[in-house]
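This report refers to the structure that appears directly beneath it.
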Amino acid sequence: MFSANPMEKRLQIAGIFSITGLLVEALCLLWALPITFVIFAMAGGLLMFIGLVIFLYSLVSTT
Amino acid sequence: MSLATGLICGLVLFSVILIGILVSRPSVTTSRGGKILAFVALFILPIFCGLLGFASEMERSKTTVFCLSCHTMESFGKSLYVDDPTHIPAAHFQNHRVPADQACYSCHTDYAMFGTLKVKLYGLKHVYIYYLGKPPAPENIKLYEPYNNRECLHCHLGARSFEEGVVHNADPATLAAIKSNQLSCVSSGCHDVTHDIAHLNNAKFWKGGGD
Numbered sequence: 001m002f003s004a005n006p007m008e009k010r011l012q013i014a015g016i017f018s019i020t021g022l023l024v025e026a027l028c029l030l031w032a033l034p035i036t037f038v039i040f041a042m043a044g045g046l047l048m049f050i051g052l053v054i055f056l057y058s059l060v061s062t063t
Numbered sequence: 064m065s066l067a068t069g070l071i072c073g074l075v076l077f078s079v080i081l082i083g084i085l086v087s088r089p090s091v092t093t094s095r096g097g098k099i100l101a102f103v104a105l106f107i108l109p110i111f112c113g114l115l116g117f118a119s120e121m122e123r124s125k126t127t128v129f130c131l132s133c134h135t136m137e138s139f140g141k142s143l144y145v146d147d148p149t150h151i152p153a154a155h156f157q158n159h160r161v162p163a164d165q166a167c168y169s170c171h172t173d174y175a176m177f178g179t180l181k182v183k184l185y186g187l188k189h190v191y192i193y194y195l196g197k198p199p200a201p202e203n204i205k206l207y208e209p210y211n212n213r214e215c216l217h218c219h220l221g222a223r224s225f226e227e228g229v230v231h232n233a234d235p236a237t238l239a240a241i242k243s244n245q246l247s248c249v250s251s252g253c254h255d256v257t258h259d260i261a262h263l264n265n266a267k268f269w270k271g272g273g274d
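So the protein sequences, as listed, match chains A and B.
Following this note's numbering, the numbering of the first sequence begins with 1 at its first residue and continues without gaps.
Following this note's numbering, the numbering of the second sequence begins with 64 at its first residue and continues without gaps.
Set out below in structure tokens:
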């Protein structure tokens, strides 16, 4: 599934993290409960942050 | 689902589709257009969706329904329907002196700089205690700090009923003491009936509202 090119592979990993984070956040928006607020901020935010960091790393990495 | 939530979910879905294209065909990023697509899909859109979603969550966390969704708060929600004009939270809620859909937040926020952030951090602590700690019985719940008149004066300051109120002006020093928070609005003999959880069983309730 993953590309043999290291940069493309990093983009794919970043994409998977971002998709997961976005879906978690979208699901949390369906309920107005304190626990969904926490999951939105902690889990969704963390997954998206990891995705962003990997994406930015893929831009600056030389390999 | 509100229109705003629907729009955010739509944007999230759009972002997921774009990112999905990149994940399934990463070779598109070799072209200039592909690089722009990757930047938009993997950087701009997730940040945009995250900020919109966070703003939406923050707004929803101010709602009465949100606060009362925890069982611990049920009695406090019930106290908003007490049919007694001396019961301050009930009188404010039933007469829309505060927005009925944001009743808890309107009185229990902190009308100071970063006040919303401060109360939301308290809220995170409440969630932690609710799920991982031992929530206190409703009658044992106390405020973190004594109720500050600033929260009352946010609306009442300058209002004729407050400034010219007979009791407020009975003594020339009273009004100044209230405004400087030296005499609490909820002190004994003033507006001291707040959430009287202990006596809810004997209370008469207002049937209106529909919330």
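Glycine residues also receive a C-beta, built at the ideal position from the N, C-alpha and C atoms.
Counting along the chain, where does the alpha helix (DSSP H) carrying B:Pro235 start and finish? Pro235 to Lys242
Quick one: what's got a C-beta closer than 7 Å to B:His171's C-beta in the same chain, skipping five residues either side? If we look at B:His171 and ignore the five residues flanking it on each side, its Cβ neighbours are Val182.
Verify the CB distance criterion: does B:Phe77 have a CB-CB separation below 8 Å to chain C? No chain C is part of this structure, whose protein chains are labelled A and B.
Among B:Gly271, B:Asp259, B:Ala104 and B:Val86, which one has its Cα closest to the Cα of B:Ser138? B:Asp259
Whose C-alpha, out of A:Glu25, A:Pro34, A:Leu56 and A:Phe2, is nearest the C-alpha of B:Ile107? A:Leu56
Do A:Phe17 and A:Leu59 have their beta-carbon atoms positioned less than 8 Å apart in this structure? no
Run through the DSSP bridge pairs and tell me what B:Phe268 is partnered with. For B:Phe268, which the question treats as bridged, DSSP gives the partners B:Val145.
CB contact flag (A:Leu11, B:Ala101, <8 Å): yes
CB-CB length for B:Gly97 against B:Val91, believed under 8 Å: That belief holds up - the Cβ atoms of B:Gly97 and B:Val91 are roughly 4 Å apart, short of 8 Å.
Length at least 4, wholly inside the stretch 150-222 of chain B: the alpha helix (DSSP H) runs in chain order: 151-157, 166-171, 178-195 and 212-219
Against A:Ile16, what residues of chain B qualify as contacts under a CB-to-CB distance less than 7 Å, listed in chain order? Val86
Under 8 Å, do B:Ser251 and A:Leu29 count as touching if we go by C-beta distance? Against a cut-off of 8 Å, the Cβ pair of A:Leu29 and B:Ser251 comes out as no contact.
Helix, strand or coil for B:Glu227? Go by DSSP, reduced to three states. coil
By Cβ distance, which residues of its chain are closer than 7 Å to B:Asn264, with the 5 residues on each side in sequence left out? none
Answer yes or no: do A:Leu27 and B:Val79 have a C-beta to C-beta separation smaller than 8 Å? no
Cβ shell of B:Asp255 (< 7 Å), same chain only, five flanking positions each side left out: Val249
Please report the distance separating the alpha-carbon of B:His150 from that of B:Thr135. 20 Å
Less than 8 Å between the CB atoms is what I'm expecting for B:Leu85 and A:Gly15, so what's the real figure, rounded? 5 Å
Boundaries of the alpha helix (DSSP H) in which B:Cys133 is found, first to last residue: It is not in any alpha helix (DSSP H) - B:Cys133 carries neither H nor E in the DSSP assignment.
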